[in-house]
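In the numbering used here, the protein residues as written are 781 to 892.
No residue lacks a Cβ here, since even glycine has one placed at the ideal position from N, Cα and C.
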Ligand SMILES: Nc1ncnc2c1ncn2[C@@H]1O[C@H](COP(=O)(O)OP(=O)(O)OP(=O)(O)O)[C@@H](O)[C@H]1O
Ligand SMILES: [Mg+2]
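1) Let's see if you can read the secondary structure: which residues bound the beta strand (DSSP E) around residue 848?
2) Is residue 838 helix, strand or coil when you go by DSSP?
3) From residue 804 to residue 867, what distance separates their C-alpha atoms?
4) Judging by CA-CA distance, which residue of 846, 801, 814 is the nearest neighbour of residue 887?
5) If we count the other Cβ atoms within 10 Å of its Cβ and call it buried at 16 or more, is residue 881 buried or exposed?
6) Taking 9 Å as the threshold (C-beta atoms), are residue 839 and residue 788 in contact?
7) If contacts are defined as beta-carbon pairs under 8 Å, then residue 834 and residue 821 qualify, I think. What distance do you get, rounded to the angstrom?
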């Protein structure tokens, strides 16, 4: 199993959730986060004064998937969130040792 962690624009959440549902994803986590990439936030101008926003709000979607589904689901996220502009976000993939459904005690992929 792998964890797919996608940091995306907040405006993309609805489209990505729809794409994930179509791709057969049944469980996921979504949280609001703040962060920055290589532009280190954006410089904006307000009343003639330039100031730097160092952290921008983003959405984090985490999904634990079977190894065989990693490519397909990552692609669904990319296709539903990519604008081509800076700040589109990033996907990180992590190994997952195990999963346990608390109600039944099921372990591994059947617990997803
Ligand atoms: N190396 C990183 N480690 C942890 N989080 C990151 C990293 N890079 C980006 N992020 C997270 O992803 C969000 C979006 O990053 P962003 O899309 O701006 O990346 P980027 O590398 O600057 O690419 P781009 O040039 O397309 O903007 C950040 O706000 C941050 O939350
Ligand atoms: Mg950036």
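In short:
1) Taking the chain shown and counting its residues from 1, one reaches residue 848 at position 68. Premise fails: residue 848 is in no beta strand (DSSP E) and is neither H nor E.
2) Taking the first residue of the chain shown as 1, we reach residue 838 at position 58. Three-state DSSP puts residue 838 in a strand.
3) For the purposes of this step, residue 804 is taken as residue 24 along the chain shown, with counting starting at 1. For the purposes of this step, residue 867 is taken as residue 87 along the chain shown, with counting starting at 1. One C-alpha to the other measures close to 27 Å.
4) Position 107 of the chain shown, counted from the start, is the residue given in the question as residue 887. Ranking the options by Cα distance to residue 887, first place goes to 846.
5) Working through the chain shown from its first residue, we reach residue 881 at position 101. The residue is exposed, with fewer than 16 neighbouring Cβ atoms inside 10 Å.
6) Counting from 1 along the chain shown, the entry for residue 788 is found at position 8. Counting from 1 along the chain shown, the entry for residue 839 is found at position 59. Contact: yes.
7) Locating residue 834 in the chain shown gives position 54, counting from the first residue. Locating residue 821 in the chain shown gives position 41, counting from the first residue. That pair is a contact at about 4 Å.
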